[in-house]
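Student: Here it is, the structure, as structure tokens.
2 protein chains.
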Amino acid sequence: MEVVDILDKYLSQVQGEIKTALSTVEPDELKEASLHLFNAGGKMIRPALAILSAEAVGGSAEHALKAAAAVELIHTFSLIHDDIMDQDEKRRGQPSVHKIWGEAMAILAGDTLFSKAYETVLWTETDGMDSRLVVGALQTVADSCVNICEGQALDMGFADRLAVSEEEYLHMIYKKTAALIAAATRSGAILGGGSEEQVEALAEYGRLIGLAFQIQDDYLDVTSDEDNLGKPVGSDIAEGKRTLLVVHTLEKAKPQDRDELIRILREKSDQSVARAIEIFQEYGSIDYAHDIALGNVEKAKKLLLILEDTPAREALMKLADFVLERSH
Amino acid sequence: MEVVDILDKYLSQVQGEIKTALSTVEPDELKEASLHLFNAGGKMIRPALAILSAEAVGGSAEHALKAAAAVELIHTFSLIHDDIMDQDEKRRGQPSVHKIWGEAMAILAGDTLFSKAYETVLWTETDGMDSRLVVGALQTVADSCVNICEGQALDMGFADRLAVSEEEYLHMIYKKTAALIAAATRSGAILGGGSEEQVEALAEYGRLIGLAFQIQDDYLDVTSDEDNLGKPVGSDIAEGKRTLLVVHTLEKAKPQDRDELIRILREKSDQSVARAIEIFQEYGSIDYAHDIALGNVEKAKKLLLILEDTPAREALMKLADFVLERSH
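Chains A and B, in that order, are what the protein sequence lines are. Sequential numbering of the first sequence, starting at 0, is according to numbering that gives the first Met the number 0. Sequential numbering of the second sequence, starting at 0, is according to numbering that gives the first Met the number 0.
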């Protein structure tokens with residue numbers, strides 16, 4: 000099965016769960032603001048990971064469907080709030096929520112998705128799921144939400160600093176991106192009735208491809224194009240973000256290039272994006288980022304070998320590769 | 000026992016839970032922003048209600064301690080985000096979180112408290128609490144979070160409208176304020192092992208004193224003073240809010256007074272606060288609001304009579320009265 004078919008297979012069911020969860024939201028303005036980014040698309044990789052993790056340990060897709068929807072709700076909540084904080088005007092090729100409805104309604108739309116995520120997982124219990132498994136799944140989800148906030152705060156703090164070590168960078172992107180992906184695979188494995196060994200392997204698989212996913216985002220920001228990204232090339236540079244490309248270059252570069260890159264990042268404009276990319280290339284930082292992402296994906300795939308060879312495991316292998324194959 | 004002693008009894012334990020929950024937050028800036036309003040005080044009525052509800056059905060304070068902390072975390076999250084949306088510069092006599100740390104960090108601080116609230120209740124399970132009770136408690140908490148968002152959105156929408164009916168107003172304040180107070184009493188009663196009848200009675204008690212609490216807030220906005228309120232008298236008028244005083248006056252007033260009040264509310268300034276209060280007085284709207292709040296408190300206290308006569312029930316009776324006795 001191709002990746003597009005894997006993602007498609009669960010797409011409509013997960014979208015159905017999300018739309019049901021949001022159907023009762025009032026007033027209409029809040030409902031529309033809450034639904035906006037779902038209507039704008041989204042690859043739904045996180046829900047697919049949750050469902051496949053349940054299947055890969057012998058559970059059914061049904062077991063993880065609500066947790067899958069919850070993880071996507073939390074992801075979307077974080078996008079809406081991040082776009083306000085970063086003052087990003089576009090997301091998924093559409094105006095961001097705060098551009099259309101204003102900041103106050105966008106804050107509330109994010110909060111609503113966040114609340115609905117928990118409600119949704121808690122409804123799993125009324126489907127006859129064992130309460131202990133529901134609590135276990137929610138623990139990892141709640142933990143990842145704390146991490147997302149901390150990761151965003153660390154990321155914002157990095158922009159004011161000169162250098163950030165690779166270790167600090169990896170810690171930040173674990174919190175900002177990988178923790179939620181690990182929560183998707185872990186909660187799916189828990190709800191699918193996996194053994195402790197299976198749950199830990201799938202959680203670590205999620206963490207590793209989550210790190211690769213963020214590093215690939217850093218990479219795509221300078222190697223993809225605006226049509227695919229849904230935002231201008233080099234947005235991270237224009238926002239002064241410490242990506243792995245920046246971290247590596249600042250570590251390796253000659254003082255003169257280092258100073259120039261820092262000056263460009265401090266400018267916070269899109270004037271010198273092309274020059275920053277040249278500097279990255281000079282120090283091999285674009286290839287370096289790609290290699291690190293690739294290494295994580297390979298490690299993640301090896302972890303899956305403790306699972307039985309099923310179509311779900313095969314799909315998880317393909318999704319790991321897809322993290323690096325995607326163009327947006 | 001006096002109300003101040005009832006609140007004090009649990010204060011340090013609940014504060015301890017909250018500080019423990021927030022102790023690991025990083026970076027420091029996010030931790031400080033998250034702790035700010037707890038350091039600024041707060042009456043901790045909601046946690047006391049949760050704990051007393053557990054005790055009133057025969058459980059121990061311990062059973063409800065983490066749910067109590069969670070409800071206060073959620074309340075504080077909503078204050079931080081509301082202050083951004085309403086552009087309130089002061090809270091509890093201190094600069095609001097976004098005035099000190101900026102809007103981005105304030106959004107994140109709110110999100111962090113929100114996430115920590117769920118983590119905290121989920122830790123209840125590791126204390127040996129039955130998972131089914133934890134799920135039941137969390138369902139009511141998650142439900143109240145959705146209501147808080149909807150209530151705030153409805154409240155914001157009201158400010159753009161001419162008239163709002165009393166029914167619409169009560170629906171809004173149920174969502175914005177009473178739902179969380181009902182979640183405090185309901186989750187406390189669930190975790191304390193209450194019967195269905197006891198849980199429903201305490202939830203309804205919470206709902207009724209929650210409505211009274213908000214109506215009393217409307218009342219205090221024009222009858223208290225800046226020292227007690229921690230913000231200027233008539234802030235609701237200056238923000239153009241549809242309080243019960245406004246709703247009642249617009250329903251009863253002669254066209255001329257009605258038009259003047261609408262004009263004052265649209266001004267969104269503190270220039271005509273005194274004149275608006277005169278108009279409220281002319282139509283008995285201040286007394287009317289007080290009477291409605293009093294009726295709710297009396298109904299709430301009657302519901303407690305199905306419970307055994309214990310010190311916890313006595314304390315809940317006193318807290319119901321306190322809703323109307325407080326000056327801020």
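No residue lacks a Cβ here, since even glycine has one placed at the ideal position from N, Cα and C.
1. Since A141 (chain A) meets chain B, which of its residues come closer than 7 Å, beta carbon to beta carbon?
2. Whose CA, out of B:L201, B:D290, B:E166, B:D216, lies closest to the CA of L302 (chain B)?
3. Residues of chain A with CB closer than 9 Å to the CB of M84 (chain B), please, in chain order.
4. Quick check on the burial criterion: 16 or more other C-beta atoms within 10 angstroms. Buried or exposed for Q255 (chain B)?
5. Distance cutoff 9 Å, beta carbons only. Does E250 (chain A) sit that close to anything in chain B?
6. Name, going along the chain, the residues of the stretch 62-84 of chain A whose beta-carbon falls closer than 7 Å to a beta-carbon of chain B.
7. Could you give the C-beta distance for H247 (chain A) and S186 (chain A), rounded to a whole number, given that I count them as a contact under 8 Å?
8. Can you give the Cα-Cα distance for D85 (chain B) and V96 (chain B), rounded to whole angstroms?
9. Select from the stretch 15-33 of chain B all residues with a C-beta closer than 8 Å to any C-beta belonging to chain A, and list them in chain order.
10. For the stretch 136-170 of chain B, enumerate the residues whose C-beta is nearer than 7 Å to any C-beta of chain A, in chain order.
11. Let me check understanding here. Comparing Cα to Cα, which of A:D290, A:L10, A:K42, A:A177 lies closest to R325 (chain A)?
12. Does DSSP put Q93 (chain B) in a helix, a strand or coil?
13. Output yes if chain A places a C-beta closer than 9 Å to the C-beta of T111 (chain B); else output no.
14. Any beta carbon from chain A within less than 9 Å of D87 (chain B)'s own beta carbon?
15. Report, in whole angstroms, the separation of the C-beta atoms of L112 (chain B) and L72 (chain B), which I expect to be a contact under 8 Å.
16. Kindly indicate if chain B contains any beta-carbon less than 9 Å away from that of K130 (chain A).
17. Just how far apart, CA to CA, sit V245 (chain B) and A67 (chain A)?
18. Contact criterion: CB-CB distance below 9 Å. Does V134 (chain B) meet it with respect to chain A?
19. When you compare each of A:C148, A:K298, A:G205, A:E259 to E25 (chain B) by their alpha carbons, which one comes out closest?
20. Could you tell me which of A:R90, A:A49, A:K174, A:G193 sits nearest to H35 (chain A), measuring between CA atoms?
21. From H74 (chain B) to G101 (chain A), what distance separates their C-alpha atoms?
22. So which of B:V221, B:I106, B:G294, B:V3 has the shortest CA-CA distance to D81 (chain B)?
23. What residue from B:E167, B:I208, B:E313, B:S22 has the CA that sits closest to A177 (chain B)'s CA?
24. Could you check whether D269 (chain B) and V296 (chain B) sit closer than 9 Å to each other, using their CB atoms as the reference points?
25. So what does DSSP say about A20 (chain B), is it helix, strand or coil?
26. Report the rounded CA-to-CA distance for A162 (chain B) versus R257 (chain B), giving the unit in angstroms.
27. Can you give the beta carbon distance from A211 (chain A) to V70 (chain A), rounded, assuming they're within the 8 Å contact cut?
28. List, from N- to C-terminal side, the alpha helix (DSSP H) runs of 4 residues or more that fit wholly inside the stretch 114-191 of chain A.
29. Which value, in whole angstroms, describes the spacing of the CA atoms of E165 (chain B) and D220 (chain A)?
30. Quick check on S271 (chain A): buried or exposed, where buried means 16 or more other Cβ atoms within 10 Å of its Cβ?
31. Here's the rule: buried if 16 or more other CB atoms are within 10 angstroms of the residue's CB, otherwise exposed. What is L264 (chain B)?
32. Near E238 (chain B), which residues of its chain fall below 7 Å by C-beta distance, leaving aside the five closest residues on each side in sequence?
33. Name the residue from A:F76, A:D308, A:K65, A:L293 whose alpha carbon lies nearest to the alpha carbon of F37 (chain A).
34. Which stretch, first to last residue, makes up the alpha helix (DSSP H) that contains Q364 (chain A)?
Tutor: On the basis of the coordinates in this document:
1. The residue given as residue 141 (chain A) occupies position 142 in the first sequence. Chain-ordered, the chain B residues with CB closer than 7 Å to the CB of A141 (chain A) read S114, Y117, E118, L121.
2. In the second sequence, residue 302 (chain B) corresponds to position 303, counting from 1. Minimum Cα distance to L302 (chain B) is reached at B:L201.
3. Counting from 1 along the second sequence, the entry for residue 84 (chain B) is found at position 85. Using a Cβ-Cβ cut-off of 9 Å, M84 (chain B) is close to E102, A103, M104, I106, L107 of chain A, given in chain order.
4. The sequence position of residue 255 (chain B) within the second sequence is 256, counting from 1. The residue in question, Q255 (chain B), is exposed, as its Cβ has fewer than 16 Cβ neighbours within 10 Å.
5. The count along the first sequence starts at 1 and reaches residue 250 (chain A) at position 251. It does not; no Cβ of chain B falls within 9 Å.
6. Hits within the stretch, in order: H80, I83, M84.
7. Translated into positions along the first sequence, residue 247 (chain A) becomes position 248. Translated into positions along the first sequence, residue 186 (chain A) becomes position 187. The beta-carbon separation of H247 (chain A) and S186 (chain A), rounded to 33 Å, does not stay under the 8 Å limit for a contact.
8. Counting from 1 along the second sequence, the entry for residue 85 (chain B) is found at position 86. Counting from 1 along the second sequence, the entry for residue 96 (chain B) is found at position 97. Answer to the nearest angstrom: the Cα atoms are 13 Å apart.
9. Listed in chain order, the positions of the stretch 15-33 of chain B with a beta carbon within less than 8 Å of a beta carbon of chain A are V24, E25, P26, E28, L29.
10. When CB distances to chain A are screened at a threshold of 7 Å, the residues of the stretch 136-170 of chain B falling below it are L137, Q138, A141, D142, C144, V145, C148, E149, Q151, A152, L153, M155, G156, in chain order.
11. In the first sequence, counting from the first residue as 1, residue 325 (chain A) sits at position 326. For the residues A:D290, A:L10, A:K42, A:A177, the minimum Cα distance to R325 (chain A) belongs to A:K42.
12. The count along the second sequence starts at 1 and reaches residue 93 (chain B) at position 94. Q93 (chain B): strand per DSSP, three-state reduction.
13. On the second sequence, position 112 is the one that residue 111 (chain B) refers to. Among the CB atoms of chain A, one or more fall inside 9 Å of the CB of T111 (chain B).
14. Position 88 of the second sequence, counting from 1, holds the residue named residue 87 (chain B). Not one chain A Cβ lies under 9 Å of D87 (chain B).
15. Position 113 of the second sequence, counted from the first residue, corresponds to residue 112 (chain B). Position 73 of the second sequence, counted from the first residue, corresponds to residue 72 (chain B). Confirmed, about 5 Å.
16. Sequence index remark: in the first sequence, residue 130 (chain A) carries index 131 (1-based). Note on residue identity: the sequence assigns Ser, not Lys, to residue 130 (chain A). Yes, S130 (chain A) counts as interfacial toward chain B.
17. By one-based count along the second sequence, residue 245 (chain B) stands at place 246. By one-based count along the first sequence, residue 67 (chain A) stands at place 68. Answer to the nearest angstrom: the Cα atoms are 44 Å apart.
18. Within the second sequence, numbered from 1, the residue matching residue 134 (chain B) stands at position 135. By the rule that beta-carbons nearer than 9 Å mark a contact, V134 (chain B) touches chain A.
19. If you number the second sequence from 1, residue 25 (chain B) lands on position 26. That would be A:C148, whose Cα lies nearest to the Cα of E25 (chain B).
20. Numbered from 1 along the first sequence, position 36 holds the residue referred to as residue 35 (chain A). H35 (chain A) has its Cα closest to that of A:R90, out of A:R90, A:A49, A:K174, A:G193.
21. Numbered from 1 along the second sequence, position 75 holds the residue referred to as residue 74 (chain B). Numbered from 1 along the first sequence, position 102 holds the residue referred to as residue 101 (chain A). Going from the Cα of H74 (chain B) to the Cα of G101 (chain A) covers about 23 Å.
22. Counted from its first residue, the second sequence places residue 81 (chain B) at position 82. Distances from the alpha-carbon of D81 (chain B) to those of B:V221, B:I106, B:G294, B:V3 put B:I106 closest.
23. Within the second sequence, numbered from 1, the residue matching residue 177 (chain B) stands at position 178. Put simply, of B:E167, B:I208, B:E313, B:S22 the residue whose alpha carbon is nearest the alpha carbon of A177 (chain B) is B:I208.
24. Within the second sequence, residue 296 (chain B) is the residue found at index 297, counting from 1. Within the second sequence, residue 269 (chain B) is the residue found at index 270, counting from 1. Not closer than 9 Å, so no.
25. Residue mapping note: residue 20 (chain B) aligns to position 21 of the second sequence, counting from 1. The DSSP-derived three-state label of A20 (chain B) is helix.
26. In the second sequence, residue 162 (chain B) corresponds to position 163, counting from 1. In the second sequence, residue 257 (chain B) corresponds to position 258, counting from 1. Taking the straight line joining both Cα atoms gives about 10 Å.
27. As a first step, residue 211 (chain A) must be located in the first sequence, where it is residue number 212. As a first step, residue 70 (chain A) must be located in the first sequence, where it is residue number 71. Not really, about 18 Å apart at Cβ, beyond 8 Å.
28. DSSP runs (the alpha helix (DSSP H)) wholly in the stretch 114-191 of chain A: 130-157, 165-172, 178-190.
29. Locating residue 165 (chain B) in the second sequence gives position 166, counting from the first residue. Locating residue 220 (chain A) in the first sequence gives position 221, counting from the first residue. The straight-line gap from Cα to Cα measures roughly 52 Å.
30. Along the first sequence, read from residue 1 onward, the residue named residue 271 (chain A) stands at position 272. S271 (chain A) comes out buried.
31. For the purposes of this step, residue 264 (chain B) is identified with residue 265 of the second sequence, where counting begins at 1. Buried, since its Cβ has 16 or more Cβ neighbours within 10 Å.
32. Here residue 238 (chain B) is taken as the residue at index 239 of the second sequence, counted from 1. The residues are D85, K267.
33. To locate residue 37 (chain A), count along the first sequence from 1; it is residue 38. Of A:F76, A:D308, A:K65, A:L293, the residue nearest in Cα terms is A:F76.
34. Given that chain A is displayed from residue 0 to residue 327, the structure contains no residue 364 (chain A) and the question cannot be resolved.
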